[in-house]
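Numbering (full-length UniProt numbering), first residue to last: 1 to 346.
Notes follow the structure.
Right, dumping it as structure tokens:
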């Protein structure tokens, strides 16, 4: 069943979806970040269905979505006032907080860990759905595991139609990148996943916060504490090459790589910025956004990767530069999408 909620929420239809969630079914729904694939987080059997539908590894934990502070306190222990400082400033919104879990959360939600990631989405459809269901909702992105995250209902339909009970179409997601994940289960706060909330904002609230460089380097080998840390993610069908460096050098290198690949009979896509697009002659060119607008680029990334899938290119050459800290989440997604296939030019 597909529910159209782009223009208006039909509470009768949404109530049906909420009942399906409560009873152990799967519902794909929009959030401000990406579309989520939701199951009742209190039912082990319901959560198992997520892993089957996505083909998701069992040691990749899920994020629990809630609609109230009461739901938060039901699911997790609150170790100190830092949690409420973040909540007051950034919830509802694209921030996931990792906390010690309570017994009501099954182990398959947390990959056997004693911590759970929780967030309160700001998307109205998501919030109303969770409220109507009356239960916390475990929800990773609503895509086949490892593929680009879905930012429109059509992306969910392409990946999961027939594998879920309900898909709610709420239009295009406003952020387009997943939530930032911060660990508050220990004395020192750490960012486990870069995302829609920039590091600079978190630093204003918690001055001692840090992020582990390994989340950019891609060398997480143990059981991850948050989604997106360990496995190849966000990957298009084509092989992807990120060319990083100063603008003129990277353009020159991209042209060189493109020529070599096309000479060998490959179909080559170009992912570039508005400011550099005129430098590339290609019928398979997609513009990510302005290099001066990280929010626009983040919003467009996953849909751009999916468009390359439809174009049927063999390779995607993507440009990247030496950008500020606000661009780290976007860089993280590009690195993972390319399986860390990066060429740096000086």
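We treat Cβ as the ideally placed atom computed from N, Cα and C, and that holds for glycine.
Note that the structure is a prediction, hence the values are computed from the model and not measured.
Note on geometry: alpha-carbon atoms of residue 62 and residue 31 lie some 15 Å from one another. Under the 10 Å beta carbon count, residue 182 is surrounded by 16 or more other beta carbons and is classified as buried.
The alpha carbon of residue 235 has as its nearest neighbour, out of 148, 114, 41, 101, the alpha carbon of 148. Secondary structure remark: continuous alpha helix (DSSP H) runs of at least 4 residues inside the region 164-218, in chain order: 199-205, 214-217.
Contact annotation: residue 343 and residue 243 have beta-carbon atoms nearer than 8 Å. Between the region 128-142 and the region 3-20, the count of C-beta pairs closer than 8 Å reaches three or more; the two stretches touch. Annotation for residue 315: the continuous beta strand (DSSP E) segment containing it runs 315-320. In summary, residue 57 is exposed, with fewer than 16 beta-carbon neighbours lying within 10 Å of its beta-carbon over all protein chains present. Within the region 17-66, the complete beta strand (DSSP E) segments of 3 residues or longer fall at 27-29, 36-40, 63-65, listed in chain order. The alpha-carbon separation between residue 127 and residue 69 amounts to approximately 13 Å. Just measuring C-alpha positions, the residue of 260, 275, 239 sitting nearest residue 248 is 275. Considering only 254, 44, 280, 168, the residue with the shortest C-alpha distance to residue 10 is 168.
The continuous alpha helix (DSSP H) containing residue 299 extends over residues 294-311. In the three-state reduction of the DSSP assignment, residue 151 falls in the coil class, being assigned neither a helical nor a strand state. Per the DSSP secondary-structure output, residue 287 pairs in a beta bridge with 272.
Boundaries for residue 240: no alpha helix (DSSP H) harbours it, while the beta strand (DSSP E) harbouring it runs 239-245, taken from the DSSP string. Residue range 82-90 is occupied by the alpha helix (DSSP H) that includes residue 90.
A contact between stretches requires three or more CB pairs, one per stretch, nearer than 8 Å, and the region 311-326 fails this requirement with the region 180-197. When the alpha-carbon of residue 303 is set against those of 159, 151, 103, the nearest one is in 151. Within the DSSP secondary-structure output, residue 95 pairs in a beta bridge with 180.
The region 101-119 makes contact with the region 69-82; the number of CB pairs closer than 8 Å reaches 3 or more. In the three-state reduction of the DSSP assignment, residue 111 falls in the coil class, being assigned neither a helical nor a strand state.
Residue 23 has its alpha-carbon roughly 33 Å from the corresponding atom of residue 89.
Under the 10 Å beta carbon count, residue 84 is surrounded by fewer than 16 other beta carbons and is classified as exposed. Residue pairing by DSSP places residue 121 opposite no residue, since no beta bridge is assigned to it. Inclusion of residue 67 and residue 130 in the CB contact set at 8 Å is warranted, their separation being smaller than that value. Distances from the alpha-carbon of residue 287 to those of 293, 294, 270, 281 put 270 closest.
Residue 135 sits in coil when the DSSP states are folded into three classes, being neither helix nor strand. Using a Cβ distance threshold of 8 Å, residue 312 and residue 267 count as a contacting pair. Here residue 292 is exposed. Its C-beta has fewer than 16 other C-beta atoms within 10 Å. Residue pairing by DSSP places residue 342 opposite 242 in a beta bridge. The C-beta separation of residue 196 from residue 36 comes to about 14 Å, leaving the pair out of contact by the 8 Å criterion. Taking the Cβ atoms as the reference, residue 118 lies roughly 6 Å from residue 72, within the contact range of under 8 Å. Put simply, the backbone Cα of residue 336 is about 12 Å away from that of residue 239. Secondary structure note for residue 69: its alpha helix (DSSP H) is the uninterrupted segment 69-75.
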